[in-house]
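One structure below.
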Amino acid sequence: MKQVLAVALSGGVDSTVAALLLREQWPAMVGATHYIWPNSRCCSLPIFKRAEYLTRLLSIPYFVLNLEEAFRARVVDDFVSSYLHGATPNPCVRCNEHIRFTLFYDELRAKLAAEKILSPDQELLFATGHYVRVARMEEGLFLKKGRDPEKDQSYMLYRLPKSVLGRLVFPLGDLLKDEVKAIARERNFSVAEEEESQDACFVEGRYPDFIAGRTGRKAGNQPGKIVDRQGRIRGEHRGFLHYTIGQRQGLGLSDGPWYVTGIISETNTVTVGRREELGRTRFRAGELNWFIPPPVRPVTVQVKIRYRSTEVCGTVRPETDGTVGVELETPEAVTPGQSAVFYRDDLVLGGGIILRPDPPFSSSSARRR
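Quick note: the sequence shown, position 117, residue 475 per the numbering used here, numbers continuous.
Have a look at this one:
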C-alpha cells in the first residue's frame, strides 16, 4: 500500500530534527501543527513561522489545524477539575491520548483527503519527535522506552490506544538528546540551544490563578487548616491549590521539617507528616489502558509513578471494580492524579491514573495540638 507520512511540528529541536531525518527517506511527506490554545508557548506565532520555514526548506506542504475547542474540553477542563478535587494531573498525558495522536491524526487525514494529497488507497503514517519506540513482539505491538534514559517519553504516551501504534513513526527513539542537538547544529538550526519548558504549555503564570480565571470563583484558593495524620491542627494554608504531595517549602510550620502528605478538597484541608510518613507502598489506579490483555491475576512489574521518577518493583492486582491495586516494594510519594505506568524491562505493559486514598480522618475530628 502506498504511504504518506505526516510529521507533527512544534517548532522545537526534536520535531525539527525528526522532520530533517524523515525527509531523507520519505518522498510523500507533509508537515502539520495543531493550534490548541491562544497565546500559549505551543501555539505562538514564532512557532508557526518556524514550522512553516522548515516545510519550505524541505519542500513539503504545511497545514495548521485548529483543535482549540476539543483541547479545552478534553484537556483543560480535566486539568481544572482534577486540581479542584485535590489531585495533581498531567495534562500532557491527556493531550497525547485525546488530541495529538488521535483527533489531530483524524482531522489531518480528512484535510489531506480533501486537498487530494491523500488518496483512498494510501495509508497515512504519523511521526513526532518523541523519544520512544514501537516494538513488534509475539503479543503484538508495544510502546518501548527510548534509547536515551534521560529523555524517554514512554510514560507520557502510555494511554495511546494500542490500535494506533502501527501508524506511528518515532525517528528519535534510537537517538540521544545530545545527538539530536548535534544534528540541528550541523544544519544551522538555532533551536538546538533553546531551553525546554516542563510546565503545562497552556498555563501562563501560577496554576491557582489560571484555575480561578477558568472557574470565576475562589475554590481552592481559600485559607484552610493544615493538620497532621492524627488530625491535630498544625497551621493554616492559603488554599489547597498551592500544594502538592511531597512539598516541603512554603508551609510556614514550626517544629519542622513537614511534608505535604495529602490534600482533601472537600474540607479544604492539607495534611502533613514527617518524611517517613510521606511514602506509601499501596495505592489504587483507575482509567486503565493496557497493551497486554488486562490481567486476571497478580502481575509483577516495574512501576513508574511520575515522569521523572525511577521505576520500582511492584505487584499489580486486578480488582472487581475495574481498578487495580498496586503494591510497591519500597515506599514512594504517591500523588493522586499522576499516572502509574507498568513496565516489563523496556516495554510498556499499561498503566492508569492514581486514585485518591480515603481521608485518614473526618473534618470534625481535627483538633488543636
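Idealized CB from N, CA, C, for every residue including glycine.
The structure presented is a predicted model; accordingly, all values stated were derived computationally and were not measured.
- Collapsing the DSSP output to three states places Ile-591 in a strand.
- Distance between Gln-607 and Thr-673, taken at the CA atoms: about 32 Å.
- Going by beta carbons, Ser-373 and Leu-367 fall inside the 8 Å limit.
- Just measuring C-alpha positions, the residue of Arg-640, Val-670, Pro-653 and Arg-587 sitting nearest Arg-632 is Arg-587.
- Ranked by Cα distance from Ser-667, the first of Ala-550, Lys-509, Ala-643 and Arg-572 is Lys-509.
- Burial check for Asn-546: the Cβ neighbour count within 10 Å stays below 16, so the residue is exposed.
- When only Cα atoms are considered, Leu-518 and Ala-472 end up about 26 Å apart.
- By the CB criterion at 8 Å, Ala-558 and Val-375 fall outside the cutoff.
- Under the 10 Å beta carbon count, Lys-360 is surrounded by fewer than 16 other beta carbons and is classified as exposed.
- In the DSSP assignment, Arg-675 falls within the unbroken beta strand (DSSP E) covering 670 to 676.
- Annotated three-state conformation of Phe-500 is strand, per DSSP.
- Cα atoms of Leu-470 and Phe-462: separation of roughly 12 Å, rounded to the nearest angstrom.
- Within the same chain, Cβ atoms closer than 8 Å to the Cβ of Leu-611 are found at Ile-584, Arg-592, Gly-593 and Val-630, the five residues on either side in sequence being excluded.
- Nearest C-alpha to Tyr-513 among Gln-480, Ser-477, Arg-452 and Phe-406: Arg-452.
- Secondary structure of Glu-553 (DSSP, three-state): coil.
- When secondary structure is reduced to three states using DSSP, His-600 falls in the helix class.
- Assigned with DSSP and collapsed to three states, His-488 falls in coil, not helix or strand.
- Per the DSSP secondary-structure output, Ser-697 pairs in a beta bridge with Ile-711.
- Residue pairing by DSSP places His-392 opposite Leu-423 in a beta bridge.
- Ala-542: member of the alpha helix (DSSP H) spanning 535 to 544, first to last residue.
- When C-alpha distances from Asn-647 are compared across Leu-707, Gly-604 and Gly-444, the shortest belongs to Leu-707.
- Your pair Phe-641 and Val-692 checks out as a contact, with CB atoms roughly 5 Å apart and the cut at 8 Å.
- Assigned with DSSP and collapsed to three states, Gly-571 falls in helix.
- Taken through DSSP and simplified to helix, strand or coil, Phe-649 comes out as coil.
- In the DSSP assignment, Pro-404 falls within the alpha helix (DSSP H) that extends over 403 to 416.
- Listed in chain order, the non-local C-beta contacts of Ala-386 below 6 Å within the same chain comprise Val-362, local neighbours out to five positions each way being set aside.
- Residue pairing by DSSP places Ile-663 in no beta bridge whatsoever.
- Take the alpha-carbon of Ile-405 and the one of Gly-370: they are about 8 Å apart.
- In the three-state DSSP reduction, Val-438 falls in the helix class (H, G or I).
- A residue is called buried when at least 16 other Cβ atoms come within 10 angstroms of its Cβ; Ser-697 meets this threshold and is buried.
- A contact between stretches requires three or more CB pairs, one per stretch, nearer than 8 Å, and the region 611 to 626 fails this requirement with the region 486 to 506.
- In this structure, DSSP gives Leu-466 a helical state, which the three-state scheme calls helix.
- Gly-680 sits in coil when the DSSP states are folded into three classes, being neither helix nor strand.
- The distance from the Cβ of Tyr-441 to that of Ile-603 is about 13 Å, inconsistent with a contact at the 8 Å cut-off.
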